[in-house]
Amino acid sequence: MHKSALPQEGTETFQDQIRIVLVETSHSGNIGAVARAMKNMGLGNLWLVNPSSFPDEASYARAAGASDVLDSAHVVSSLDEALADCVLVMGTSARGRKVPWPVCAPPEAAAAAAEHAGSGPVAMVFGRENHGLSNDELQRCHYHIHIPSNPDYSSLNLAMAVQVMCYELRMYYLRSLEGGEGSPYLKSMTRPGDEGWDVPPAKVHDVEGFFGHLEQVLIDVDFHRRENPRQLMTRLRRLFQRARLDQMEINILRGILTAVQKAAGTRNNSKSTEADTAATEQDNGHV
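Numbered according to UniProt numbering, the sequence shown spans residues 1 to 287.
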């Protein structure tokens, strides 16, 4: 599953204008992991400033299907080369500075990148694994990006930091698509009736039939007594109503109840309800 979630766009796209710049990466496997993070989120413009080792087997092994991002990576000897034609530069930093610098959280950084991408390349710069970007390198940035991680353990793996920013860029891109093209990827699907759910919601009549059947089975197995009901059925109603059952789930539950009655020898009990009888037609169609 290495295809983009949306169709490929033309060459001058928002994604193409975003440049991920890694400075003096010491572990080539991290370069591969970054490539994978980028491709997951639809990005492919990778620049490497004086990497310790690239290309090599470790970087391609960690890329896990994103070898095309590595194949097209630009390897340069200085940060100046990577930034020369950019219109906006943002660098990641976890540390406070003696001289305050404009700082963005990841969502705001993604919005700023999108705003400027129409004018030219935008660079997001990530530093060395052991000590990040130097003060001089950070001063070349228009903004610093601060990822609000746990202050007691704030250091992020390089690929994790890149993944955070690529995700924010992806979300901004999807929200910006016209005509609702990105909406299927942003909408939640949590219950029957939501777009993409495979079975229609259960109708009230069918749910009520299930509750009647359930109550009868509980009586049949001596778990429930109508003369002393307490709040059993009320609480069970609340449980199943909260689940927002679909029609197939109702059929499965009715089939289970019928099987319980058969096993208990109560299927033809004179106390059986109309709901129990209605379940007969569903015995062979509940899965």
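For glycine and all other residues, C-beta sits at the position ideal for the given N, C-alpha and C. In this text the structure is predicted, and so the values were computed from the model without any measurement.
- Taking the CA atoms as reference points, Arg254 sits about 21 Å from Trp197.
- Following the DSSP letters along the chain, one finds Phe126 inside the beta strand (DSSP E) bounded by residues 122-126.
- DSSP, read as helix, strand or coil, puts Tyr153 in coil.
- Here Trp47 has Arg19, Val21, His74, Ala82 as same chain residues with Cβ atoms under 6 Å from its own Cβ, once five neighbours each way along the sequence are excluded.
- Contact check for Phe211 against Leu236 passes: the beta carbons are separated by less than 9 Å.
- Ranked by Cα distance from Asn130, the options Leu239, Trp101, Val23 are led by Val23.
- For Val21, the uninterrupted beta strand (DSSP E) run begins and ends at 18-23, by DSSP.
- In the three-state reduction of the DSSP assignment, Met90 falls in the strand class.
- Distance from Val103 to Tyr167 at the Cβ level is roughly 19 Å; contact not present, criterion being Cβ atoms closer than 8 Å.
- Taken atom to atom, the span from the alpha-carbon of Asp246 to that of Asp152 is near 45 Å.
- Cβ contact annotation for Ala61 (same chain, cutoff 8 Å, sequence separation greater than five): Gly29, Gly32, in chain order.
- Segment contact: the region 36-46 against the region 158-175, three or more CB-CB distances shorter than 8 Å; contact assigned.
- Beyond the five residues adjoining it in sequence on each side, Ser53 comes within less than 7 Å, by CB distance, of Ser28 in the same chain, given in chain order.
- Ala111 and Tyr172 do touch by the CB rule: their CB atoms are close to 6 Å apart, below 8 Å.
- Excluding sequence positions up to five before and after Ile145, its CB lies within less than 6 Å of the CB of Met90, Thr92, Cys104, Ala109, all in the same chain and listed in chain order.
- Restricting attention to Leu177, Arg128, His205, Leu174, the CA atom closest to the CA of Leu156 is found in Arg128.
- For Leu174, the three-state secondary structure derived from DSSP is helix.
- Annotated three-state conformation of Leu46 is strand, per DSSP.
- The C-beta separation of Ser72 from Gly44 comes to about 7 Å, placing the pair in contact by the 8 Å criterion.
- Following the DSSP letters along the chain, one finds Ile145 inside the beta strand (DSSP E) bounded by residues 143-145.
- In the DSSP assignment, Val260 falls within the alpha helix (DSSP H) that extends over 247-264.
- For Ala113 and Arg191, the gap between their C-alpha atoms comes out near 35 Å.
- Here the alpha carbons of Leu239 and Pro229 stand approximately 17 Å from one another.
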